[in-house]
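Undergrad:
Residue numbers (our numbering), protein chains in the order written: chain B, 1 to 115; chain P, 116 to 228.
#1: Please check if any C-beta of chain B sits within less than 8 Å of the C-beta of residue 160(P).
#2: Between which two residues does the beta strand (DSSP E) harbouring residue 43(B) extend?
#3: Who are the near neighbours of residue 52(B) in its chain, counting only those whose CB is closer than 7 Å to its CB and skipping five residues on each side?
#4: Counting C-beta neighbours from all protein chains within 10 Å, is the total for residue 200(P) 16 or more, i.e. buried, or is it exposed?
#5: What does DSSP give as the partner residues of residue 181(P) in its beta bridges?
#6: If we ignore side chains and look at the alpha-carbon of each, how far apart do residue 80(B) and residue 176(P) end up?
#7: Any beta carbon of chain B sitting closer than 8 Å to that of residue 120(P)?
#8: Is there a Cβ of chain P sitting closer than 8 Å to that of residue 109(B), yes or no?
#9: Taking the straight line between their C-alpha atoms, what separation do you get for residue 97(B) and residue 198(P)?
#10: If you reduce the DSSP assignment to three classes, tell me which class residue 200(P) lands in.
#11: Determine the extent of the beta strand (DSSP E) in which residue 69(B) is found, giving its start and end residues.
#12: Quick one: what's got a C-beta closer than 6 Å to residue 194(P)'s C-beta in the same chain, skipping five residues either side?
#13: Tell me which residue opens and which closes the beta strand (DSSP E) that residue 26(B) is part of.
#14: Terminal residues of the continuous beta strand (DSSP E) containing residue 75(B)?
#15: Could you say which of 124(P), 119(P), 117(P), 120(P) lies nearest to residue 223(P) if we only look at CA atoms?
#16: According to DSSP, is residue 211(P) helix, strand or coil?
#17: Along chain B, which residues have their Cβ under 8 Å away from the Cβ of residue 146(P)?
#18: What are the residues of the stretch 171-187 of chain P that lie near chain B, defined by any Cβ-Cβ distance shorter than 8 Å?
#19: Leaving out the 5 sequence neighbours to the left and right, which residues in its chain are closer than 6 Å to residue 29(B) when beta-carbon positions are compared?
#20: Counting only C-beta atoms, is residue 222(P) closer than 8 Å to chain B at any point?
#21: For residue 47(B), return the contacting residues in chain P, with the cut-off set at a CB-CB distance below 9 Å.
#22: Have a look at the DSSP bridge pairing and note the partners of residue 135(B).
#23: At what residue ranges does the stretch 131-172 of chain P contain a whole run of the beta strand (DSSP E), taking only runs of 3 or more?
#24: So, is the C-beta of residue 44(B) closer than 8 Å to a C-beta in chain P?
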């Protein structure tokens with residue numbers, strides 16, 4: 001069975017600085033998708049970034065980028081120029097190759113941004 | 116363009132009762148998934164519906180059931196509520212044929228007393 005692990009329950013960063021959130025996963029599949037979702041106090045799960053496992057190039061979305069290490073099964077999220085609005089719970093999630101719509105989430109990392 | 120909408124936003128029920136939660140998918144989406152998120156935890160997959168049938172199910176008992184309507188909206192029903200069913204219930208939708216990412220609603224906070 002696939003698992004997703006986020007080993008940092010809480011992280012903090014100074015406004016305008018850079019922070020990296022860690023995620024590791026376990027799977028026997030070769031084709032899959034990885035995601036980072038952000039969940040602010042409003043509760044809505046917002047997609048931050050998506051990575052297809054077959055793509056070697058790391059995904060980027062404006063200030064958000066990932067470091068995808070397939071062999072190490074590691075998928076970290078880097079937030080550059082942190083803003084107060086980035087404060088939220090961040091979840092790493094795995095979706096297998098089957099078109100099931102089933103995401104497997106990690107436990108989450110609470111990110112605090114200090115002014 | 117309306118996103119995923121869920122109702123109600125909050126709900127309080129008594130142990131043993133039954134509850135129905137509702138979800139309207141994002142415009143253009145045909146597939147709905149339901150997740151249970153306990154406080155401080157990551158969401159857990161309950162099931163997915165498309166073409167009005169349950170297609171994939173997570174590790175949840177039969178007390179959890181659902182339905183999808185011809186307009187793609189969906190309901191989640193939970194019977195014989197337990198205290199442990201207290202959680203945030205998230206609905207997510209996507210366009211299955213494109214294997215597009217899930218879009219989530221704001222959830223329904225269920226409290227069982």
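C-beta: ideal position from N, C-alpha, C; glycine also. Remember, predicted model here, so these are calculated numbers, not experimental data.
TA: Quick look at the numbers:
#1: yes
#2: First-last for residue 43(B): undefined, no H or E at that position.
#3: Cβ neighbours of residue 52(B) within its own chain (closer than 7 Å, five residues either side excluded): 33.
#4: Residue 200(P) should be labelled buried.
#5: 191(P)
#6: 43 Å
#7: For residue 120(P), the answer is no, since every Cβ of chain B falls outside 8 Å of its Cβ.
#8: no
#9: 35 Å
#10: Reduced to three states, the DSSP call for residue 200(P) is helix.
#11: Looking at the DSSP string, the run of the beta strand (DSSP E) that includes residue 69(B) is 64-69.
#12: 133, 178
#13: 24-26
#14: It spans 74-79 - the beta strand (DSSP E) in which residue 75(B) sits, taken as one unbroken run.
#15: 124(P)
#16: helix
#17: 101
#18: 171, 173
#19: Hits under 6 Å: 96, 97.
#20: yes
#21: 216, 217, 218, 219
#22: Summary: the structure shown does not reach residue 135(B), with chain B confined to residues 1 through 115, and so no result is reported for it.
#23: Note on the stretch 131-172 of chain P: whole beta strand (DSSP E) runs with a minimum of 3 residues are 134-139, 146-152, 159-165, 168-172, in chain order.
#24: True, the Cβ-Cβ gap to chain P drops below 8 Å.
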